[in-house]
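Notes to accompany the following structure.
Number of protein chains: 2
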Amino acid sequence: MHSLTEENYLKAIYRLSQSGNLKISPTAIAEEINVNAASVVDMIKKLKEKQLIVYDKKLGASLSDHGLKIAIDIVRKHRLWEVFLLDKLGYSWDVVHEIAEQLEHIKHEELADRLDRFLGNPEYDPHGDPIPNAKGEVPSVANTLLSEIEIGQSCQLAAIKDTSAVFLQYLEQLSISIGTRIKVLEKIPFDHSIVVQIGKENKTTVSKKLADSLLVY
Amino acid sequence: MHSLTEENYLKAIYRLSQSGNLKISPTAIAEEINVNAASVVDMIKKLKEKQLIVYDKKLGASLSDHGLKIAIDIVRKHRLWEVFLLDKLGYSWDVVHEIAEQLEHIKHEELADRLDRFLGNPEYDPHGDPIPNAKGEVPSVANTLLSEIEIGQSCQLAAIKDTSAVFLQYLEQLSISIGTRIKVLEKIPFDHSIVVQIGKENKTTVSKKLADSLLVY
DNA sequence: ATATAATATTAGGTAACTCTAATTATATTT
DNA sequence: AAATATAATTAGAGTTACCTAATATTATAT
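Line by line, the protein sequences give chains A and B.
To convert, take the position in the first sequence, counting from 1, and add 1108; that gives the working numbering.
To convert, take the position in the second sequence, counting from 1, and add 1108; that gives the working numbering.
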């Protein structure tokens, strides 16, 4: 069996690889989970011995088949619990993540499947992230940023690239949630700010940084 | 903050005191949570320093006000999660306990209250144990054993005193669950076995040991 | 190509929780 | 009351996961 800490390292490596990180270095992992790089080196050694990852100083770390399976399983549970907390317990977007960080480590073979069925087999979590199915297959995901949408075009929010509380609270303030229709009205050359219309609301200006955190289709 | 391990020790002390244990000794705690008595002595020292328990070699351990509050909170969460697992996820009686052992340690102020509301504010868990409310008040509980019921009398199962899988599976086999009506038909002097009628079924003989594990009203 | 900066690694240590074995204290028998 | 059994405690050590500080390696810039 693998410990909670091991699971968190595997998840971190998975997330880094998903966000297109070419080389997953000890420092990158250290930043991801807020530990010292020296600790990461220790854990890399351990996970390598357990054959959950492959590590090469040049190429960085990557998950083995077994490691990937575990990581996807954690992510699946994390996202299912998020749906539960939001849909069933009425939690708000921005709190859900930290509780799911704890719930994802609850162990029981049937648990994820039962939860999945209970929630109506959702494909995406409250942040728009795809929920892997029981086989570990991951639904496809939008890969266009709001910042890439042309002037005059409309799109819908599919997912977000940041889950920090400040970010989620700001989205709430802007009345933006998954599925919200956004029309790009103008792009400011000076700082790449974008003037948008959110749903049926009046127009607002959002920063490049925000537009780079929103995935749309 | 208190660790998962500390919570488990507090819960153990609470459970021992609830089951009418006069003196809660290191050995008693050690047996309750399957650790070595020497480890318990260490932890007692720690919990005493944190003022979560009071300990006296003669009188044994007991919870302080603060310790009691924490213990009741854990028990509350444990039992609410049990209801969730049984009612919502369709788990069977005998599995529910071990998963709730993990879930009870999930931390978030509002969690227990939200779960409670979602489940419809249940007063008893699947084993018939009372669920403390948000204020820490514990609903009253039956305290008559099936073995104490007179011949000819009927009663209903209120709660059980054992949560082991073998016990729960045997109950299931006998079609006994919380609320089941049981009539005492005969008592065998030789070994104190009891002949009972379970619900509308034919009569069955159950051992003294079983009759001592069933709380009725 | 060398100096400088950044990263990776090793060495040594700490905290939490566990254990076994040895010791001391308390009960129970005889 | 002495002998014996049981329980409580202390001492010493192991494991996991973390840290800091020192060193080695690799990349970047001049």
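All C-beta atoms in this analysis are idealised placements derived from N, C-alpha and C, irrespective of residue type, glycine included.
Using beta-carbon distances, Gln1126 (chain B) does not count as an interface residue toward chain A, since no partner is under 9 Å.
Against chain A, a Cβ distance below 9 Å from Gln1210 (chain B) picks out His1213, Ile1214, Lys1215, His1216.
Close to chain A, meaning a Cβ-Cβ distance shorter than 9 Å, are the following residues of the segment 1222-1235 of chain B: Arg1222, Leu1223, Arg1225, Phe1226. When C-beta atoms of the segment 1172-1186 of chain B are compared with those of the segment 1230-1246 of chain B, three or more pairs fall below 8 Å, so the two segments count as touching. Look at Glu1309 (chain A) here: in three-state DSSP terms it is coil, with no helix or strand label.
Chain B places no beta carbon closer than 9 Å to that of Leu1194 (chain A), leaving this residue out of the contacts. Straight-line measurement puts the Cα of Ala1267 (chain B) at about 22 Å from the Cα of Leu1197 (chain B).
Leaving aside the five residues that flank Leu1194 (chain A) on each side, the residues in its chain whose CB is nearer than 6 Å to its CB run, in chain order, Val1204, Pro1234. Between the segment 1200-1216 of chain B and the segment 1273-1280 of chain B there are three or more C-beta pairs closer than 8 Å, enough to call the two in contact. Glu1140 (chain A) is outside the set of residues whose beta carbon lies under 9 Å from a beta carbon in chain B. A Cβ-Cβ distance of about 5 Å is found for the pair Ala1220 (chain A) and Lys1185 (chain A), placing them in contact under the 8 Å criterion. Contact note: Ile1207 (chain B) reaches chain A through Ile1214, Lys1215, His1216, Leu1219, using a C-beta cutoff of 9 Å and chain order.
In this structure, Tyr1325 (chain A) sits near Thr1252 (chain A), with a CB-CB distance shorter than 9 Å.
In the DSSP assignment, Val1162 (chain B) is bridged to B:Ser1170. For Ser1262 (chain A), the uninterrupted beta strand (DSSP E) segment begins and ends at 1262-1268.
Looking at the DSSP output, Pro1238 (chain B) shares a beta bridge with B:Tyr1232.
At a cut-off of 9 Å, the C-beta of Val1191 (chain A) has no neighbouring C-beta in chain B. For Gly1198 (chain A), the chain B residues whose C-beta falls within less than 9 Å of its own C-beta are Arg1222, Arg1225, Phe1226, listed in chain order. Annotation: the continuous alpha helix (DSSP H) that includes Lys1317 (chain B) extends over 1316-1319. Counting of Cβ neighbours within 10 angstroms places Met1109 (chain B) among the exposed residues, the total staying below 16. The three-state reading of DSSP puts Val1143 (chain B) in coil, since its state is none of H, G, I, E or B. Look at Val1246 (chain B): its C-beta is not under 9 Å from any C-beta on chain A. For Val1304 (chain A), no Cβ of chain B is located within less than 9 Å of the residue's own Cβ. Counting the other CB atoms within 10 Å of its CB gives Ser1133 (chain B) a total of 16 or more, which places it among the buried residues.
Closest by C-alpha distance to Gln1261 (chain A), out of A:Ile1302, A:Leu1176, A:Ile1239, is A:Ile1302.
Distance from the CA atom of Lys1317 (chain A) to the CA atom of Pro1240 (chain B), rounded to whole angstroms, is 47 Å. With a threshold of 16 other beta carbon atoms within 10 Å, Ala1319 (chain A) meets it and is buried. Of the other Cβ atoms in all chains shown, fewer than 16 fall within 10 Å of the Cβ of Glu1309 (chain A); this residue is therefore exposed. Contact between the segment 1145-1164 of chain B and the segment 1290-1302 of chain A is absent, with fewer than three C-beta pairs closer than 8 Å.
Nearest in C-alpha terms to Thr1288 (chain A), of all of A:Leu1118, A:His1216, A:Leu1171, A:Gly1307, is A:Gly1307. Residue range 1201-1211 is occupied by the alpha helix (DSSP H) that includes Ile1207 (chain A).
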